Structure formats: structure tokens, C-alpha cells
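Presented below is the structure to which this report refers.
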């Protein structure tokens, strides 16, 4: 099989396209991969900066869509079934991927493989954050930071499906249209967005902030919340983790919520099935990822470079 392999922990330049032996049929589902999503953890893994430490050479990729090549005895899947899958251990940037059956889901009729390849990391995380860790209510106002990227557009789209008013923050004017395409009601641009958000909310602030960015933005998020507001921490794309005096939470009656899907699923195996069921409802209702660009597998390093230099918008997917 063809595979995009990390051979050195130096970022995108450490990838190489190689031939590997096909996985052996065993107790896992083997998938002929048609599309593989690219996510921020893939970039961090390629630099040795993620909690999952790659044992080199390592095939990155945590989400795929394709057709079943092999299913173990007693499986609910059959050869030829259209599926999507997510797996935290990697292996998706290849023409054949192996996944535990619990991590494989039927691809809805009418959904393309490219869309299916962009579901697991971002949309599972968005639904988990907004509906399991938090419970975003219809009519609430949410601010999504980093709203033009893969996870940001997923949070915008999921929040709109749950009936929220969505204010999106993007880093530059060229990303405004992507946030609007995902469903944002209003978009604020740049690093200093607090005053504009307060103006848009009549001085009250927002009910929820989905914080993908981290760093100084997290403190701004706390200061932008309405009384009894919630800040959901989903990531740190700036590479900086905020240090917040808890007096700010007390004085403003703000709740800080961590949303780490993989970590909770390890402790409570019912987590992923719960999130999957919620996401499946939304998919059947027409929810789709916002695809920003596709790259062939052999150009996977270029896809990660676009993510690294922050020119990537929407969900980036590799095609095979």
C-alpha cells in the first residue's frame, strides 16, 4: 500500500511517500481509503509536540472515509460498505487503513468520501464540546475563536444547527467569507475583538466562547462572557497556554470548561458512542464539513505546510 510516512520529527519536511506492506486481515476492519482528513494534531505529531509521541517511521492521519476491504467475523460491516472512521493512533494517510470496529461508522447515503474524511476529528470534537461538555441552548450567543479553520468551521456549523447566534473571530479579512460559509451570523477580525463583540451584544457579552486558539485569547474570552457565561477550551493553536487568575472567574461568575474528547473516552468508553449518535442526527439533517481544499496523498506535506503557515481554511482533506 502507499503511505505518507513521518520519517523525521521536523514538521512537513519530515514526510515521505513510501510503499508499505498491506495490513494483515485480523480482528480489525480494513478500509480502502478514498479520503483522509488533515488535522492540527497531525502537524503537532510531525514536530514531536503532541501528547501522542510517534514511533518513527510513523503513518499520520486520524480520520478516513472509504470502503470496507475486510471485516472480521461477526462484524456489523461487510466488504464494500461505505464507512468513515477515526482513530487516535494514526494510520489514515495510507491507501489502506486498519480501525477497531467501535471507531468505524456507516457513511450516510449521498455523502461524498471527501466529506466523510473530514468528520471524525473536528465534528466529533465540536459536538462533544457544545453538547456533551457544555449544553449550548437555542437562542444563546456563542463566540467561536479561530473560526475559519477545520475545527472552527465545525464549531460554527454545529452551533448554528443547535439554534445559537454565532459570532466568529478570524485572524484576517481574507478568512471572513469562510466563517460566513460555515454559518456565522457576524464576523470580527483581528486580535483585539473584545470591544467589538461587546458592542454586538449590547454590552452584555456572550453566553459561550469556543476557544480553539489559547494564549491571550483565553483571558479575553473570560472578559467577554456575560454573567454565568462559559469558556470552552478546545485547543491552543497559538502554541501558548493561558494562565488565568481564578479571581476573574469568581468576579464574573464565568465557568471554564475543558473539552478533550480522547481523554474522556479513555476514562468513559460510552463517550464516543454518545457523541457519534448526536453527530449522526445532524448528518442526516444535512450537516456537512466545510471543505477548504483537497490535496492528493503525495502532496500531503503541502497540506500540512498550509496548516503550519495559517493559510489553510476550512477542512483540508487528502484524496486517494
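Residue numbers (this note's numbering): 1352 to 1671. From the three backbone atoms N, C-alpha and C, an ideal C-beta is built for every residue, glycine too. Since the model is a prediction, treat every value here as computed from it, not as a measurement.
Asked, Found
"Using the Cα positions of residue 1392 and residue 1473, report the straight-line distance between them to the nearest angstrom.", "11 Å"
"Which of the three DSSP states, helix, strand or coil, is assigned to residue 1453?", "helix"
"Bridge partners of residue 1418, per DSSP?", "1383, 1433"
"Per DSSP, what are the beta-bridge partners of residue 1609 in this structure?", "1584"
"Scan the stretch 1609-1669 and note each continuous beta strand (DSSP E) run of 3 residues or more that stays entirely inside, going in chain order.", "1642-1647"
"Where residue 1443 and residue 1413 are concerned, what is the direct C-alpha to C-alpha distance, given to the nearest angstrom?", "6 Å"
"Start and end of the alpha helix (DSSP H) containing residue 1595?", "Careful: residue 1595 lies outside any alpha helix (DSSP H) and carries neither H nor E."
"DSSP three-state call for residue 1440: helix, strand or coil?", "coil"
"Going by DSSP, what residue range makes up the beta strand (DSSP E) through residue 1547?", "Careful: residue 1547 lies outside any beta strand (DSSP E), inside the alpha helix (DSSP H) at 1545-1551."
"Round the Cβ separation of residue 1452 and residue 1380 to the nearest angstrom and send it over; I've been treating them as touching at under 8 Å.", "5 Å"
"CA-CA distance, residue 1373 and residue 1352?", "5 Å"
"Got a sec, what are the start and stop residues for the alpha helix (DSSP H) residue 1322 sits in?", "Here the chain covers residues 1352 to 1671 and nothing more, so residue 1322 does not appear."
"Ignore the nearest five residues each way along the sequence and tell me which others in residue 1604's own chain have a CB closer than 6 Å to its CB.", "1578, 1579"
"Quick check on the DSSP output: the alpha helix (DSSP H) that includes residue 1473 runs from which residue to which?", "1471-1478"
"Near residue 1398, which residues of its chain fall below 8 Å by C-beta distance, leaving aside the five closest residues on each side in sequence?", "1360, 1361, 1362"
"Between residue 1625 and residue 1515, what straight-line distance do the alpha-carbon atoms span, to the nearest angstrom?", "21 Å"
"Since residue 1464 is in the alpha helix (DSSP H), which residue starts that stretch and which ends it?", "1464-1467"
"Would the beta-carbon of residue 1505 fall within 8 Å of that of residue 1445?", "no"
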